[in-house]
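Asker: With positions in the sequence shown counted from 1, the corresponding number in our numbering is that position plus 1380. Sending over a structure as structure tokens; questions will come in a sec.
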Amino acid sequence: MLSVMRLTANFLMGLVILVPGCTLAHCEPLLPEPIQDPVINLHKFTLKQAVYLTLKYNQSVESDSLGQEANYWSVRSAYYGYEPQFNVSGSAAFVKGSQPTYALSPTATWTSLIGTTANFSYTPNFLQNVGTGNSSAGFGSLTVTQPLLNGFGVAFNSIALKTAIYSYQTTNLAYKSSLIQAVNTTIVDFRQVVTSIHSLEDSRASVEAAKQQVKNTRLKLANDDPNTAPSDLVQMEQLQASSELNYLESRNQVETSYQTLLSDIGLPTSAVLHLDDRVDVSKSMIPNTEWAIRYAFAHNISYLTQKIAVESAKLTIISARNAAKWTLTLSGNADIIGNTGVNAAGTQVGILKNASATLAIPILNVTNHSAIVSAEIALAQAQITLASDQRALETRVRNEITNATSRYEQWNLAQAQVILDRDTLRAAVIKQTYGQGSAFEVNRLQTTLLNDEIQMNNIGRSFQNSISDINVTLGRMLDVWGVHLKY
């Protein structure tokens, strides 16, 4: 297994150099510059590097980043709807025995946020017989339409734009959530490998100690030690067999969790890594509760998504109320008629003006009223859900911080217990050496030490994972690792 856990320096540095790059605008996570670890850790694959590789090579992250590009252009398209739009079309006709004819039709359209629509089109007809002065007339038209009731106002006419923006924000939050979950999964699996390695080392040490005890017991029996019975040898051999079984189980756990980690970071199953197995447990990792609650209200992804849902529900009400209004539309048209021949001697311009008003009054329109009621109910439900989410989020933050604090206290107690177990076992071995203790007692203490060491490792991993859970809830998992998103 040791050969499986090695990583050459060249391979590791090559991976680190590839991590910070970005390939798609508006969608890729921006990774910081490669971290230069101390010389002592040059051959160690750190958790931070695992996070960066996840964001670079994980297939689910890559798939989500591609969707962000289309999401950006959907918002850009919504903005374009309120900008002047120009179009030019042209045609040419060629008939045997006749002069060719040409046509050009430029148009311009603009829609304002208060509902005004302006459309200008101009169609010049080119000369049938160039140089003769004979020409056909060109035609230009300007039409302006302004709704005064139904369809009037910024609130209604900006619905399409706001809907696109809300959709964009929701998709960005979902993308960020997928990145956070991918990173969190990698972190948990990385720590699982480290914990498994520690358990494997403890199991190996137990096997070596058990073998030494069996060897010592056999020597004592061979020398007819009066304080050593054949049953002592049986007990020590049982301890050795049990330790070897635990070692095999620990080795299998290391290999399984190691392959899971490789899948998380997008590396092939044959990749060889030497993990940095340091366990960092510090009370400073636990944030202040009140600060964490305020931070969660501003950055928690689920809570922000629900706030956007409330705003979207408000747009539905605006749309429903607009549909129930009377329709009063004013429109005006100015037609420009003149000689547009290329070689014409003069130009005559005539302007034809007209204006119109359209009024439509809905009478007992139950459908519109029903739509308004449904939209108001949907808004009320969204607001109730938001309030419920707010309470649940506050409770969740408090519980996670309480859990992390408890895990930290358990870690300190577990460390003290392991130290006590080692001292007790050391004393028992000395007693047995001088005939004052039994093999059964040493056997029991070795088993207790192994179990307590495994428990300490599990508590340390549980504490670290509880800190990760807090960062996920606060929506700052990427910030903690120095990763910033560019939309």
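Where is the CB? At the ideal position from N, CA and C, for every residue including glycine. Since we're looking at a predicted model, the values are computed, not measured.
In chain order, what residues of the same chain have a beta carbon less than 7 Å from the beta carbon of I1698, not counting five sequence neighbours either side?
Answerer: The answer, listed in chain order, is A1535, F1536 and I1539.
Asker: How far does the alpha helix (DSSP H) with N1823 in it reach, from first residue to last?
Answerer: Note, N1823: alpha helix (DSSP H), A1819 to L1854.
Asker: For L1773, collect the residues of the same chain with a Cβ closer than 6 Å to its Cβ; drop the 5 residues on either side in sequence, then sort them by chain order.
Answerer: These residues qualify, in order along the chain: A1676, N1680 and Y1683.
Asker: Would you call the stretch 1845-1854 in contact with the stretch 1557-1570, where contact means no fewer than 3 C-beta pairs closer than 8 Å?
Answerer: The stretch 1845-1854 is in contact with the stretch 1557-1570.
Asker: Cα-Cα, which of F1474, F1466, V1475 and L1493 is closest to S1888?
Answerer: What the structure shows of the chain is the stretch from 1381 to 1867, and residue 1888 is not part of that stretch, so it cannot be assessed.
Asker: What separation, rounded to the nearest whole angstrom, lies between the Cα atoms of D1639 and K1424?
Answerer: Just to set this straight, residue 1639 is Gln in the shown sequence, not Asp. So the two alpha carbons sit approximately 17 Å from each other.
Asker: Going by DSSP in three states, W1861 sits in which element: helix, strand or coil?
Answerer: If DSSP states are grouped into helix, strand and coil, W1861 belongs with coil.
Asker: Can at least three beta-carbon pairs, one atom from the stretch 1741-1761 and one from the stretch 1696-1715, be found at a separation below 8 Å?
Answerer: The stretch 1741-1761 is in contact with the stretch 1696-1715.
Asker: Could you pull out every residue in the same chain whose Cβ sits closer than 6 Å to the Cβ of A1590, ignoring the five residues on either side in sequence?
Answerer: Around A1590: L1619, Q1620 and S1623.
Asker: In three-state terms, what does DSSP make of S1469?
Answerer: In the structure shown, S1469 sits in a strand (DSSP, three-state: E or B).
Asker: Residues in its own chain within less than 7 Å of T1649 by CB, not counting five upstream and five downstream?
Answerer: Q1639 and L1642, listed in sequence order.
Asker: Report the rounded CA-to-CA distance for N1596 versus I1839, giving the unit in angstroms.
Answerer: Roughly 35 Å separates the two Cα atoms.
Asker: Report the rounded CA-to-CA distance for A1737 versus P1527, giving the unit in angstroms.
Answerer: About 10 Å.
Asker: Using only alpha-carbon positions, find the residue among N1564, L1493, A1693 and H1578 that is nearest to N1837.
Answerer: The candidate whose alpha carbon is nearest that of N1837 is H1578.
Asker: Are there 16 or more other CB atoms within 10 angstroms of the CB of L1655, so buried, or fewer, so exposed?
Answerer: L1655 comes out buried.
Asker: Quick check on A1735: buried or exposed, where buried means 16 or more other Cβ atoms within 10 Å of its Cβ?
Answerer: The residue in question, A1735, is exposed, as its Cβ has fewer than 16 Cβ neighbours within 10 Å.
Asker: Measure the Cβ-Cβ separation of M1616 and A1819 and say whether it is below 8 Å.
Answerer: Yes, the Cβ-Cβ distance between M1616 and A1819 is below 8 Å.
Asker: Out of P1480, E1442, F1500 and L1433, state which residue places its alpha-carbon closest to the alpha-carbon of P1464.
Answerer: Ranking the options by Cα distance to P1464, first place goes to F1500.
Asker: Thinking C-alpha only, which one of S1583, V1574, L1628 and P1667 is nearest D1657?
Answerer: Ranking S1583, V1574, L1628 and P1667 by Cα distance to D1657 puts V1574 first.
Asker: So N1499 is in the beta strand (DSSP E); what residue range does that whole segment cover?
Answerer: Segment T1497 to T1503, the beta strand (DSSP E) holding N1499.
Asker: Just how far apart, CA to CA, sit A1796 and N1564?
Answerer: A1796 and N1564: Cα-Cα distance of roughly 30 Å.
Asker: Could you give the C-beta distance for T1685 and T1550, rounded to a whole number, given that I count them as a contact under 8 Å?
Answerer: About 6 Å; that satisfies the 8 Å criterion.
Asker: Determine the DSSP secondary structure at D1801, reduced to helix, strand or coil.
Answerer: Helix at D1801.
Asker: Could you check the C-alpha separation between L1411 and G1495 for me, to the nearest Å?
Answerer: Low confidence applies here, because L1411 scores a pLDDT of 42, under 50, leaving its location unreliable; read the following figure in that light. Going from the Cα of L1411 to the Cα of G1495 covers about 44 Å.
Asker: Between E1691 and the rest of its own chain, which residues show a CB-CB distance below 8 Å, the 5 nearest in sequence each way excluded?
Answerer: Contacts found: K1542 and Y1546.
Asker: Which residues in the same chain have their Cβ closer than 6 Å to the Cβ of N1851, if we skip the five residues on either side of it in sequence?
Answerer: Cβ within range, chain order: M1857 and V1860.
Asker: According to DSSP, is P1606 helix, strand or coil?
Answerer: If DSSP states are grouped into helix, strand and coil, P1606 belongs with coil.
Asker: Reducing DSSP to helix, strand and coil, say where T1481 ends up.
Answerer: Reduced to three states, the DSSP call for T1481 is strand.
Asker: Roughly how many whole angstroms lie between the Cα atoms of A1702 and T1765?
Answerer: Reading the sequence as shown, one finds Asn at residue 1702 and not Ala. Each residue's alpha carbon lies about 26 Å from the other.
Asker: Report the three-state DSSP secondary structure of D1769 (helix, strand or coil).
Answerer: Reduced to three states, the DSSP call for D1769 is helix.
Asker: According to DSSP, simplified to helix, strand and coil, what is L1708?
Answerer: Correct three-state label for L1708: strand.
Asker: According to the neighbour-count rule (16 or more other Cβ atoms, all chains shown, within 10 Å of its Cβ), is G1646 buried or exposed?
Answerer: By the neighbour-count rule (16 or more Cβ atoms within 10 Å), G1646 is buried.
Asker: Spatial neighbours of W1490 within its chain, please: C-beta separation below 6 Å, excluding the five flanking residues on both sides.
Answerer: Excluding sequence neighbours, W1490 sits near P1464 and A1498.
Asker: Using the Cα positions of L1559 and R1456, report the straight-line distance between them to the nearest angstrom.
Answerer: Roughly 24 Å between the two C-alpha positions.
Asker: So, with DSSP's three-state summary, where would you put D1715?
Answerer: Note: D1715 maps to strand in three-state DSSP.
Asker: Alpha helix (DSSP H) containing S1492: first to last residue?
Answerer: Neither: S1492 is in no alpha helix (DSSP H) and is coded neither H nor E.
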